[in-house]
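A short write-up of the structure that comes next.
There are 2 protein chains.
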Amino acid sequence: MFRRTLLASILFASLSFAPAGNHVIAEEQTLYGYSAESSQTERQWEEKLRAVPNPENMRAYMKLLSAHPHHVGSPYDKQNAEWILGKFKEFGLDAQIEQFDVLFPTPKERVVELVEGGPKFVAKLQEPAVAVDPTSNQQAEQLPTYNAYSIDGDVTAPLVYVNYGVPEDYEQLERMGVSVKGKIVIARYYHSWRGIKPKVAAEHGAVGCLIFSDPHEDGFVQGETFPSGPYRPPDGVQRGSVADMPLYPGDPLTPGVGATKDAKRLKVEEAQTITKIPVLPISYADAQPLLAALTGRVAPAEWRGGLGMTYHVGPGAAKVHLVVKSNWEPLKTLYDVIAKIPGSTFPDEWVIRGNHHDGWVNGAEDPVSGQIAILEEARALGEMAKAGWKPKRTIIYCAWDGEEPGLLGSTEWAEQHYDELRAHAVAYINSDTNGRGYFGVEGSHTLEKFSNDVARDVTDPETKLSVWKRDQLHKIADAKTAEQREEIRKRADLRIPALGSGSDYTAFLQHDGVASLNFGFGGEDGGGIYHSIYDDFYWYTHFSDTDFVYCRALAQAGATAMMRLADADLLPFEFGDFADTVQAYLKELKVLAQKTQDEIRERNREIEEGVFQATNDPRRPLVAPSAEAVPPHLNFAPLENAVDTLNRSAAEYHKALEQLNAKGGAAMAASSLVEVNKLLIESERRLTNAEGLPNRPWFKHQLYAPGFYTGYAVKTVPAVREAIELKQWKQADEAIVVVARVLENEAALISSAAQKLAAVK
Amino acid sequence: MFRRTLLASILFASLSFAPAGNHVIAEEQTLYGYSAESSQTERQWEEKLRAVPNPENMRAYMKLLSAHPHHVGSPYDKQNAEWILGKFKEFGLDAQIEQFDVLFPTPKERVVELVEGGPKFVAKLQEPAVAVDPTSNQQAEQLPTYNAYSIDGDVTAPLVYVNYGVPEDYEQLERMGVSVKGKIVIARYYHSWRGIKPKVAAEHGAVGCLIFSDPHEDGFVQGETFPSGPYRPPDGVQRGSVADMPLYPGDPLTPGVGATKDAKRLKVEEAQTITKIPVLPISYADAQPLLAALTGRVAPAEWRGGLGMTYHVGPGAAKVHLVVKSNWEPLKTLYDVIAKIPGSTFPDEWVIRGNHHDGWVNGAEDPVSGQIAILEEARALGEMAKAGWKPKRTIIYCAWDGEEPGLLGSTEWAEQHYDELRAHAVAYINSDTNGRGYFGVEGSHTLEKFSNDVARDVTDPETKLSVWKRDQLHKIADAKTAEQREEIRKRADLRIPALGSGSDYTAFLQHDGVASLNFGFGGEDGGGIYHSIYDDFYWYTHFSDTDFVYCRALAQAGATAMMRLADADLLPFEFGDFADTVQAYLKELKVLAQKTQDEIRERNREIEEGVFQATNDPRRPLVAPSAEAVPPHLNFAPLENAVDTLNRSAAEYHKALEQLNAKGGAAMAASSLVEVNKLLIESERRLTNAEGLPNRPWFKHQLYAPGFYTGYAVKTVPAVREAIELKQWKQADEAIVVVARVLENEAALISSAAQKLAAVK
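In structure tokens form, the structure reads like this:
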């Protein structure tokens, strides 16, 4: 399911910590969290480790893993899990399969037809095989095109085009005087996670929802279509889950607990994450006749897609019949493959790495391109172990099942092992889809410095620069302002975006409070086979990382990170970047509150001045907005105080660590640092609370969550930010107090760790 | 030819002169330039005047004037001129036709065909008649689709798509490693005046140029196409001139002098404004197979149009054969209709109003929608004269011929009468195309206050607000920043954009130095019939100002302005707004110079850092730019000093006028102000110099000119601005001195006028 928002822009100004970060020869720098001596040893092991991953192996793994459709419940899904299990064992890891039983509906009946208002048209809902592509003709094994967890329904209603189907689009519809009540909406993919579209449509009274891939974003407008090029062909369809995952991911029937055989389950009709209206995804070939039948107002300029015709909003005579019916039974079995290298010194400290193995169809890019790197990492670490390397901490490699329908395998496992993970997990590092281009890292800001350090030690296959340096220069090229460029050039570490949702880190980070990162390359190649039958070996080896060198680079980055975390004397958490980031979030929130006030005040003034009447074209009338109460000023003081405390504690920790480093060898030994490391492991847990976010208690993390109305995209400080966005001022004020308390606790933990560090002899 | 850039945005901050400008009841305010007493009389006349224009008359005029194609040299062009002459006479004006003989090539041979690299295709180059549209079938009388003043040529060459064909597009082509040398380019209309496209293409070595209307800007992407809606149908073509008018407009054979029978003429091959390569405009139906045959790199995102296909840049196998041959002889006769109401007190002070009467085909919108307002104005003023009104100054109404090929009729007349106009012209007010929506004014900033005052006295037909108020509220709605809104709300006058080119004011303002304005309504209706056979009575009465109420509003605005200028005691020039505007231009120039320095410095730094290598995708390589010398600092001091002097003189004039107003009646009488008025008439002339702009001496005005590489769009302070844009630093420094001297002279004139005002008893 994962969809990387590449190269997220730098959104905020910040303090800078150190002078220009040119590429430093790896060997000359002592690793953060290591004594000079242990750093040298570690660097030698890492060097050997990074030499192991082999593109040809990965090509072979991909060919095998993507040879047949391998969605949840399919024979090849199980077969792949067993093959991966065998591989982990072959590499010397202690591996097993862990099973869960989950709700996973598959299509029973699908109909989309234009019944009035245009030439009778029945949608094909079928992706044709392509002669040159040998796996595209496995129709009997392919899941039909559909959106998993759509409610069953059979509706006939007029059609309305709602652009991307996000809340702003409905504001514009309201101004145009168009209601979707009792209508079927047709929305294009993009600009939100797909599950948001039926959710918002249902909130506005729609009775059905179609989601189509418009060639403007996802088809011939971008370039040649498959098989001539990488882009989505006319009949290509994006499958995908529409469960309300911003409420809770995982099995809809077992929120918060592992879906074991005997777990207590909700009834299907009690599951809150199933959509309220029927939903189907369609291709642009199927969408074209429906959109062409629409009449009414011409769509606003930004709503117009690439289909080579006039887009209208409707409603009019065009009436659609939509049927969605699923097989809801029986429950399907998930096969999570879990493999371990036990820690030699601290076996109860777990460093975890994962990627899913299930695909919507053949899934060569998604997820196999990431999964093969994970396998090659496991092989490399196995080789090192055979050569005498002993990780201090336990290393766990996971190949998740059921990510596509809703992060099922990782979520159920993270729920099932909640207490253990809270006690033992040092960090979780995820990967998913991988491609050619820039190294993308997102995640916990306590690991921002760590992830930058890893990126400094991996070489970009195309430019031979470090992937860190290439990314820095790319960010300079993309920066919008001189201030942004200045920061990119001078700040020691490149900023990493926070994690929202869209892949298997979600339960670890946001439910369990485990510090998490997501690694992957991309940004150079386009594509249009996401969640279609064309995401296969043929496509990947023609249009993506065709010689698997970026898959090798990912394996090098992942393996380096795992080894370095497993071996560190002092766990490489860092709080200066973290405090700096939280301070930037606070600044954003204050700007957002101010901007909301200003906008409402300005709009009220314009209403009073008669701006909306004066600019109303009688041939294309718009409904004027209503005046709104100007928002109150919020009390940000608790957060401001907390951020001050956080900055002080981060500085304290930094100073204590410098002093420790100066003491040298013995003091820096892991044995002296057991208590500090325990606190460091605890540090991300402290950012959660038991109650979770308002109205979605599954999400415990108080700094990072997927947006309730964005789905993938992160909302940082979500309780505060979303309250402001939804104009819930009382809740915003309350949330400020809650988050401030969480941050004060975090600062206390950091201070405590600093004091322990200072006390080490 | 005129193409209004609607609702030009407010580009600069400024001083504000007076508190909020709510709509003031006309009768309560003393007119600027009038004593209280004469103001009252004037207002009574104006009230009567504005009651005269009648939509039904204008509908009848349009039906008649657009009944047949009436381009230069056609029988109906002459017939229309004679009919207009008759009308002016009927209205009581002293009218005559003035003739000129000009070069006007018409098509002899036109071929566009795809000869290699795709299915053989011969372009239709023909707009079909439409059954419901009664004038669309006059094929025998219609000028074929072509670009006037294309050089003759017969070329066969590979095709390259160059987006809009402006200089930035060629920079991007260079980075992509694509040369147009020896190629035929295909450019889409928009983002520059059309004549820029072949000019820039030829500068880059192209041998031919096709210009097409892309449906993204001009066709079905915008809405229903004709005859279902107002937008350009598949075979619709935009005719138009491609003469190098930014060098000099008017007859290519007689630059600077009137094209009278005996004028000394250049040979055709000596005429510098004829294109260097053959050019033809084509429809999107004709462009589609050519663009579809292009291979090579996929066009950059912003280059992609609306044709529902993948756009490529080329070159590749696609080869085009282009033939353009014209009938260059004989010279064609222009019929300018000139009508006068002689001034009763100051017959040698001329207030001039104009619009063209020639069209590319039937020309209902362009130019008849403006021409009918002009006629109704003349009728209204004639009515007033019959009722006893006597204008102090001479009023001249002009219906120009030959605007479409190159502002021929107005330019030849303004050249022929250069000395008289320099001596007598108070102001020139132009109109062209008119439609439904907002009142647009552009022009001389010494008349900014005057044009705002006129707008305050005309009622918007839809909202019943004054057109000024509606425009103000619209500008508030469109403003991008709080600062812009603040200025719009508080500044006494709305800013007016400067005039570039694109209609008949050009020679008056930029060659003769006559203060000029352009009036017209628009902004609510879209269209796609510009310069096609579908710009006719059927289209206008179905999709534009269908009940002619905005044509009436234009007649009311134009007639009010003419009467008010003709009757004023003191000519209503104002220098506060003017000085404020020049100061804003100076600020822009300094920002531009700084920005150019910063950009070059930053790019050099990125070249040194290796940004371009690091971000180069080996599958889609880009050529890195070369380092450039960082521009020197320019000496803006002469302009800064001149602007200070200008501000002082404007304040001096303002104060003297306030004192005069306080003295009341007798002092304010026109008879006391003869000398001051002479200076005021002279004020725009002082903004010109005899040498004209560097490399284009025809353009004498030192503040306003069409951009050498934009064609329509204005470049203010052009000698300085274009030197900076072209990185000619020495020339920029020299131009600053020249313009500063012009402005110092202007300030001296204003001071002198202020002193004379102060001396009036």
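Residue numbers (the numbering used here), protein chains in the order written: chain A, -3 to 757; chain B, -3 to 757.
Glycine included, every Cβ here is placed at the ideal spot set by N, Cα and C.
* Asked: From this set, Gly606(B), Tyr700(B), Val672(B), Met558(B), which residue's C-alpha is nearest glutamate 42(B)'s C-alpha?
  -> Met558(B)
* Go ahead and pull the three-state DSSP assignment for glutamate 584(B). => DSSP places glutamate 584(B) in the helix class (H, G or I) of the three-state scheme.
* Asked: Is there at least one Cβ from chain A nearer than 8 Å to histidine 823(B)'s Cβ?
  -> Any answer about residue 823(B) is impossible in this case: the structure gives chain B only from -3 up to 757.
* Asked: So, is the C-beta of arginine 171(A) closer than 8 Å to a C-beta in chain B?
  -> no
* **Rounded Cβ spacing between glycine 359(B) and aspartate 531(B) (contact assumed at less than 8 Å)** => 6 Å
* Asked: Along the segment 462 to 495 of chain B, what residues have a CB closer than 8 Å to any CB found in chain A?
  -> Lys465, Arg466, Leu469, His470, Ile472, Ala473, Ala478, Arg481
* Asked: Contact check, leucine 495(A) vs asparagine 514(A) under 8 Å by CB: the rounded distance?
  -> 6 Å
* Asked: Taking 8 Å as the CB-CB cut-off, is aspartate 613(A) touching chain B?
  -> yes
* Within 10 angstroms of the Cβ of histidine 697(B), are there 16 or more other Cβ atoms? Answer buried if so, exposed if not. => buried
* Asked: Comparing the C-beta of arginine 548(A) with each C-beta of chain B, is any distance below 8 Å?
  -> no
* **Where the beta strand (DSSP E) through arginine 349(A) begins and ends** => 342 to 352
* Using a cut-off of 7 Å between C-beta atoms, extract the partners of threonine 459(A) located in chain B. => Gln609, Ala610
* Asked: Buried or exposed: glutamine 412(A), going by 16 or more other Cβ atoms within 10 Å of its Cβ?
  -> buried
* Residue closest to glutamine 138(A), alpha-carbon to alpha-carbon, out of Gln122(A), Ala127(A), Ser146(A) -> Nearest of Gln122(A), Ala127(A), Ser146(A) to glutamine 138(A), Cα basis: Gln122(A).
* Taking the alpha carbon of tryptophan 396(B) as the point to measure from, which residue in Gln95(B), Ala488(B), Tyr534(B), Glu671(B) has its own alpha carbon closest? -> Gln95(B)
* To do: Give the residues of chain E in contact with phenylalanine 216(B), contact being defined as C-beta atoms less than 9 Å apart.
  => Annotation note: the requested chain E is absent from the structure, which comprises protein chains A and B.
* Asked: For glycine 304(A), is the beta carbon positioned less than 7 Å from some heavy atom of the ligand COA?
  -> For the structure depicted, the ligand COA is absent and the ligand set is empty, with no information on it obtainable.
* Do we get a CB-CB distance below 8 Å when we pair arginine 300(B) with the residues of chain A? -> yes
* **Proximal residues of chain A, C-beta to C-beta of valine 294(B) below 7 Å** => Gly219
* **Proximity to glycine 310(B) [Cα-Cα], best of Arg481(B), Ile180(B), Gly402(B)** => Ile180(B)
* To do: Rounded to whole angstroms, what's the CA-CA distance from alanine 749(B) to tyrosine 649(B)? Just pull it up for me.
  => 7 Å
* **Cut-off 8 Å between Cβ atoms - residues of its own chain near glycine 219(A), not counting five sequence neighbours on either side** => Gly225, Pro226, Tyr227, Gly522
* **Segments assigned alpha helix (DSSP H), at least 4 residues, entirely inside the segment 168 to 234 of chain A** => 192 to 199, 211 to 214
* Asked: Using a C-beta to C-beta distance shorter than 7 Å, which residues of chain B count as neighbours of alanine 606(A)?
  -> Rather than alanine, the amino acid found at residue 606(A) in this sequence is glycine. Per Cβ cutoff of 7 Å: Leu469.
* methionine 380(B) and leucine 45(B): beta carbons closer than 8 Å? -> yes
* Are at least three pairs of beta-carbons, each pair with one atom in the segment 566 to 573 of chain B and one in the segment 595 to 602 of chain B, less than 8 Å apart? -> no
* Asked: Which two residues bound the contiguous alpha helix (DSSP H) that contains threonine 37(A)?
  -> It spans 32 to 47 - the alpha helix (DSSP H) in which threonine 37(A) sits, taken as one unbroken run.
* What residues in the segment 495 to 525 of chain B bring their beta carbon closer than 8 Å to a beta carbon of chain A? -> Of all residues in the segment 495 to 525 of chain B, those with a C-beta nearer than 8 Å to a C-beta of chain A are Glu520, Asp521, reading in chain order.
* glutamate 298(B) classed as buried or exposed, judged by whether at least 16 other C-beta atoms fall within 10 angstroms -> Glutamate 298(B) is exposed by the Cβ-count criterion.
* chain B within 8 Å of glutamate 602(A), Cβ atoms only -> Chain B places a beta carbon closer than 8 Å to that of glutamate 602(A), counting this residue as a contact.
* Who are the near neighbours of valine 126(B) in its chain, counting only those whose CB is closer than 6 Å to its CB and skipping five residues on each side? -> Ser132, Pro223
* Asked: Under 8 Å between the Cβ atoms of isoleucine 93(B) and leucine 371(B)?
  -> no
* Closest by C-alpha distance to serine 146(B), when choosing among His441(B), Pro154(B), Pro248(B) -> Pro248(B)
* Asked: How big is the Cα-Cα spacing for alanine 553(B) and leucine 561(B)?
  -> Taking the CA atoms as reference points, alanine 553(B) sits about 12 Å from leucine 561(B).
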